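Numbers 68 to 447, taken from our numbering, label the letters of the sequence shown in order.
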Amino acid sequence: MKKLDYIYAVYSKQNRKIRGYTVKFRYFNVDGKSSIYEKYFSITHYENEKELLKAAIIHRNEMLVKAEQKKITEKTEFTVREVFNQSLKVFTARLATLNKRIKRYNTYILPKFDGMNIQKVKRIDVQLSLNSMIRDCSDDTIANVYQIWCLIFKTARIMQLVDINIMEEVIKPKSQKITLKRNVKTDFDTFLKVIVALNVHVDEREQYQRFNKLLIYGLWIMLYTGLRPAETFALERKNIDTTSWIIIVDKSLGSDTEHLNIKRTTKTKDSMRIIPVVKELRPIILELLEYAESDDLFSVNGELFKVKRATDKITHICRLEGINFTMYMLRHKFSTDLVTNNVDPRTVMELMGHCDPKMTISYARSDLALKQEVLKERKI
């Protein structure tokens, strides 16, 4: 038997360091039925990697002997990690959502609780752990970690590992982190600087040039329509009517339970909408229709655009050029321009694809000159 037979390393995605080892093998119980034995060893419980591996090897050897003698009994103890892994199967979601859960677990739960027996986790442990987040984390982050704990203990109840769900008595704390509002405003001059920068910083290889050119077309569409990046990059030829000059928004890039980057229905039912195409955008749309290589307007060599790749590209060139810009700023600009021009809220809401007027208002940013004018005309 080789040293690492039935022992599997678990690495950190961030720095590729060893996070732990899993002892895992198939065996036959006393009834002759095939079962899987699995136990995870976390680096947090050992002085170094050498001691960690040593413990995993000793345990594997002991359990293989027990398996041969048919003395392995049904597993009754499960670690927080094992229950969390099971929760990902019990409470299924889109792959992107599952990946976010895993990332948050690894950041906020793993360091203290990863190898701990789920039955030994007390209310006070979870409460203190959540409380420790209030100075450095936002309310959203705290709520997301709280939700993961809820899923873990719901799963533990389903597995009949605990008698009560302790999360029913754990209080979700409020963040005390002081955060300044991000500047999400942009203007046309900044937009043009980004377009110029994209044309300057382009790889000579054909596929990268095509990606770059399509990205520029996408930015023009976002500027004039307020579409989300994921909606823009999901557009097909059939979505654009050059007779009536409208864009039909009915899909968005996203994920499902098996795929990370596919076309799916829009974010909400209200996101399905029709956007008129203004005259300034029409020649750009015609260019795009001629340039696109398939019915998918934003695809390179048969592959759909990835929003993350587009975001990374823009972040990179803006850092090089010292420009403050993101694709979503164009959506904020679209909303702000309409609101400050006294377009009625219902129309703005429908163009933005929002189901709640509060969301539309939150996107709009009042112009400083407008604020000055309002205060100037104020009567006391």
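All residues carry an ideal CB built from backbone N, CA and C; glycine is no exception. In this text, all values refer to a predicted model and were calculated from it rather than measured experimentally.
{"Asked": "Can you tell me where the beta strand (DSSP E) with GLU494 in it begins and where it stops?", "Found": "Given that the chain is displayed from residue 68 to residue 447, the structure contains no residue 494 and the question cannot be resolved."}
{"Asked": "What does DSSP give as the partner residues of ASP363 in its beta bridges?", "Found": "GLU303"}
{"Asked": "Sort out for me which residues DSSP pairs LEU371 with in a bridge.", "Found": "SER366"}
{"Asked": "ASP203 by DSSP, collapsed to three states: which one?", "Found": "coil"}
{"Asked": "Quick check: the Cα distance between GLU466 and LEU71, rounded to an integer number of angstroms?", "Found": "The shown model of the chain, from 68 to 447, leaves out residue 466, and the question about it has no answer."}
{"Asked": "Whole angstroms are fine: how far does the CA of SER196 sit from the CA of ASP206?", "Found": "14 angstroms"}
{"Asked": "Looking at the unbroken beta strand (DSSP E) that takes in PRO343, where does it start and where does it end?", "Found": "340-343"}
{"Asked": "Enumerate in chain order the residues of its own chain whose CB-to-CB distance from TYR78 is below 8 angstroms, with the five nearest sequence positions on each side excluded.", "Found": "LYS84, ILE85, ARG86"}
{"Asked": "Considering only residues of the same chain and omitting the five flanking positions on each side of LEU155, which have a CB-CB separation below 8 angstroms?", "Found": "LEU165, ARG168, ILE169"}
{"Asked": "Could you give the DSSP three-state label for VAL229: helix, strand or coil?", "Found": "coil"}
{"Asked": "Buried or exposed: where does TYR88 fall if 16 or more other Cβ atoms within 10 Å of its Cβ makes it buried?", "Found": "buried"}
{"Asked": "Assuming contact is defined by CB atoms lying nearer than 7 angstroms, are VAL367 and GLN274 in contact in what I supplied?", "Found": "yes"}
{"Asked": "Determine the direct distance from the alpha carbon of THR324 to that of THR159, and round the result to whole angstroms.", "Found": "7 angstroms"}
{"Asked": "Could you check the C-alpha separation between LYS438 and VAL406 for me, to the nearest Å?", "Found": "Residue confidence is low: LYS438 scores 48 on pLDDT, short of 50, so the model does not pin down where it sits. Its coordinate-derived value is still stated next. Distance between the alpha carbons of LYS438 and VAL406: 13 angstroms."}
{"Asked": "What first and last residue would you give for the beta strand (DSSP E) that runs through PHE95?", "Found": "85-95"}
{"Asked": "Pop quiz: GLU454 and ASN184 are said to be a contact at Cβ under 8 angstroms. What is the actual Cβ separation, rounded to whole angstroms?", "Found": "Outside the shown range of the chain (68 to 447) lies residue 454, about which nothing can therefore be said."}
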